[in-house]
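Report on one structure; see the data block that follows.
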Amino acid sequence: MRDTILFDIDYTLLNTLVFKENCRSKLSEFLNISVEDICVAEKGYVKKETEFTDFNPEEYIDYISKKYNVSTQDVGKAFFDDENFKNISYPEVVSLLEALSKNYKLGIFSEGFKSFQLLKLHKSGLLAYFDREVTFVIRRKLTQKSLDLLPKGSFVIDDNYFVADALCKAGSFKPIWLNRKTKEKHPDCETVFDLTNLKEVLGNYSKR
Numbered sequence: 243m244r245d246t247i248l249f250d251i252d253y254t255l256l257n258t259l260v261f262k263e264n265c266r267s268k269l270s271e272f273l274n275i276s277v278e279d280i281c282v283a284e285k286g287y288v289k290k291e292t293e294f295t296d297f298n299p300e301e302y303i304d305y306i307s308k309k310y311n312v313s314t315q316d317v318g319k320a321f322f323d324d325e326n327f328k329n330i331s332y333p334e335v336v337s338l339l340e341a342l343s344k345n346y347k348l349g350i351f352s353e354g355f356k357s358f359q360l361l362k363l364h365k366s367g368l369l370a371y372f373d374r375e376v377t378f379v380i381r382r383k384l385t386q387k388s389l390d391l392l393p394k395g396s397f398v399i400d401d402n403y404f405v406a407d408a409l410c411k412a413g414s415f416k417p418i419w420l421n422r423k424t425k426e427k428h429p430d431c432e433t434v435f436d437l438t439n440l441k442e443v444l445g446n447y448s449k450r
């Protein structure tokens, strides 16, 4: 039986900042206003939200359409344009998933709106690498109910320190913290700074 690896999506597999920049550029082109004005307009929407993972594209599209008095259909077309999803995966991701898929069952453990998260994977060309049986997109991923859904003993790759920390304390998983920002290491679980040496780190767990 193959081991399971669960990946977070935003800032783990996908560079969400690039995606947001692409969307702003496309909306700027469509609305004929500056990217800076788009950023200012976004603040009115973001103020309604408590966390980034609460971002709902339909609500955002509706907000922008009302803000600039254009149809939601047209704003949606600009937002979901295929070009916005090009080259948003980190450089090492495709080759890594290709290699890992030969020996592991690959899945997702992500927080947010499921339809949007899976759409990002689909349009960026990554969705086919993941097994639907172990694909979990949940509004709040660290509740006990959410953790109970995950296969025990799974490797879990996440860029969020607090998620890795919670999974360490849960004791039923093999978390790996992906720290793309600094050289800090997690004191209680494996840490990587990109995904290029993930295969080696996975092997370290088997030596414990």
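Going by our numbering, the letters in the sequence shown line up with residues 243 to 450, in that order. Note that the Cβ used here is the ideal one computed from N, Cα and C, for glycine as well. This structure is a prediction, so every number in the text was calculated from the model and none was measured.
I need the boundaries of the alpha helix (DSSP H) containing residue i, first residue and last residue.
{"i": "VAL336", "result": "335 to 342"}
{"i": "PHE358", "result": "356 to 365"}
{"i": "LEU273", "result": "258 to 273"}
{"i": "LYS319", "result": "314 to 321"}
Pull the bridge partners of residue i from the DSSP assignment, please.
{"i": "GLU301", "result": "DSSP lists no partner for GLU301."}
{"i": "LEU437", "result": "According to DSSP, LEU437 bridges with nothing at all."}
{"i": "LEU444", "result": "Looking at the DSSP assignment, LEU444 forms no beta bridge with any residue, so it has no partner."}
{"i": "PHE249", "result": "ILE350, ILE399"}
Can you give the beta carbon distance from residue i to residue j, rounded, assuming they're within the 8 Å contact cut?
{"i": "TYR346", "j": "ILE247", "result": "5 Å"}
{"i": "PHE372", "j": "GLY349", "result": "6 Å"}
{"i": "LEU392", "j": "PHE378", "result": "7 Å"}
{"i": "LEU269", "j": "ALA320", "result": "5 Å"}
{"i": "PHE327", "j": "LYS365", "result": "4 Å"}
Within a Cβ cutoff of 6 Å, which residues of the same chain sit near residue i, ignoring the five residues on either side of it in sequence?
{"i": "TYR447", "result": "LYS416"}
{"i": "ILE251", "result": "SER352, GLN359"}
{"i": "ILE303", "result": "THR314, VAL317, GLY318, PHE321"}
{"i": "ILE306", "result": "VAL317"}
Apart from the five residues on each side of it in sequence, which residues of its chain come closer than 8 Å, Cβ to Cβ, to residue i?
{"i": "SER267", "result": "VAL277"}
{"i": "ASN257", "result": "ILE330, SER331, TYR332"}
{"i": "VAL260", "result": "ASN329, ILE330"}
Identify, in the order they occur along the chain, each residue of the same chain with its Cβ nearer than 7 Å to the Cβ of residue i, setting aside the five sequence neighbours on each side.
{"i": "THR444", "result": "The identity of residue 444 in the sequence shown is Leu, whereas the question assumes Thr. Hits under 7 Å: PHE397."}
{"i": "VAL434", "result": "ILE418, LEU420, LEU440, VAL443"}
{"i": "GLU375", "result": "none"}
{"i": "ARG382", "result": "GLU353, SER388"}
State the start and end residues of the unbroken beta strand (DSSP E) segment that holds residue i.
{"i": "GLY349", "result": "347 to 353"}
{"i": "CYS280", "result": "The residue asked about is misnamed: residue 280 is Ile in this sequence, not Cys. Looking at the DSSP string, ILE280 is not in any beta strand (DSSP E); the run it does join, the alpha helix (DSSP H), is 277 to 288."}
> Which full runs of the alpha helix (DSSP H) of 4+ residues lie inside the segment 361 to 409, going along the chain?
Replying inline: Counting only runs of 4 or more, we get 386 to 389.
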